[in-house]
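In our numbering, the protein residues as written are 94 to 250.
Glycine included, each C-beta is placed from N, C-alpha and C at the ideal position.
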Amino acid sequence: MTYRRPAIQTLVLTGIVALVASAILALSHPAQLRIDGQRVESDVPPITTAAQHVFVPLRAVADALGARTLVRGDNVYIIRGKQSLRLRVGDRHATLNGMPLTLKRAPFRVRGRVMIGIKALALALNVHVDYDPRTARINVLTPGIGQADTGAVLETQ
Numbered sequence: 094m095t096y097r098r099p100a101i102q103t104l105v106l107t108g109i110v111a112l113v114a115s116a117i118l119a120l121s122h123p124a125q126l127r128i129d130g131q132r133v134e135s136d137v138p139p140i141t142t143a144a145q146h147v148f149v150p151l152r153a154v155a156d157a158l159g160a161r162t163l164v165r166g167d168n169v170y171i172i173r174g175k176q177s178l179r180l181r182v183g184d185r186h187a188t189l190n191g192m193p194l195t196l197k198r199a200p201f202r203v204r205g206r207v208m209i210g211i212k213a214l215a216l217a218l219n220v221h222v223d224y225d226p227r228t229a230r231i232n233v234l235t236p237g238i239g240q241a242d243t244g245a246v247l248e249t250q
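Here is the structure:
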């Protein structure tokens, strides 16, 4: 078997493919989570889908909002002021202040972190949430600090 030099077309095509792949990786970045204007970091970034569904790490958001979080197996309890939420990972059924609540999408785990839809989070913690797909920014505003209008959030994600 003898060595043949690659054709110039092969080298150019390989270079173009590598350039496009590196540009895609360089331009892609996870959504940025901000609570009352302050960036919140987590070891698991927020997740956005093509259908504009947004999921955030529950403990990172709850801690930033001053809520208490308790995780026992698949059961998660969040308490913030007068609001209390009990949910189960993988189950769409939850309780909010002791009343049944059905989530559109069940909470799930990513690398050990419980992820919840932002609309369910808004309802449970009495905050206003907004996602801007252009800037990949998730804004969480608390009443009295931001210009939150929590009465507009009626539907859970």
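Output needed for residue i: all residues of its chain with C-beta closer than 7 Å, excluding positions within five of it in sequence on either side, in chain order.
| i | result |
| --- | --- |
| residue 183 | 167, 199 and 201 |
Suppose you measure from the CA of residue i to the CA of residue j; what does that come to, to the nearest Å?
| i | j | result |
| --- | --- | --- |
| residue 175 | residue 155 | 14 Å |
| residue 140 | residue 234 | 19 Å |
| residue 190 | residue 171 | 10 Å |
How about residue i and residue j: do their beta carbons lie closer than 8 Å?
| i | j | result |
| --- | --- | --- |
| residue 147 | residue 224 | yes |
| residue 66 | residue 160 | The chain is shown from 94 up to 250; residue 66 falls before or after that span and cannot be answered. |
| residue 214 | residue 149 | yes |
| residue 158 | residue 173 | yes |
| residue 229 | residue 124 | yes |
| residue 203 | residue 133 | no |
| residue 180 | residue 164 | no |
| residue 185 | residue 196 | yes |
If we count the other Cβ atoms within 10 Å of its Cβ and call it buried at 16 or more, is residue i buried or exposed?
| i | result |
| --- | --- |
| residue 130 | exposed |
| residue 103 | exposed |
| residue 128 | buried |
| residue 112 | exposed |
| residue 126 | buried |
| residue 211 | buried |
| residue 232 | buried |
Which stretch, first to last residue, makes up the alpha helix (DSSP H) that contains residue i?
| i | result |
| --- | --- |
| residue 213 | 211 to 218 |
Along the beta strand (DSSP E) that carries residue i, what are the first and last residues, could you check?
| i | result |
| --- | --- |
| residue 152 | First-last for residue 152: 151 to 157, but that is the alpha helix (DSSP H), not the beta strand (DSSP E). |
| residue 185 | Premise fails: residue 185 is in no beta strand (DSSP E) and is neither H nor E. |
| residue 125 | 125 to 128 |
| residue 230 | 230 to 234 |
So, at 6 Å on beta carbons, what are the nonlocal neighbours of residue i in its own chain, with the 5 sequence-adjacent residues on each side left out?
| i | result |
| --- | --- |
| residue 209 | 151 and 200 |
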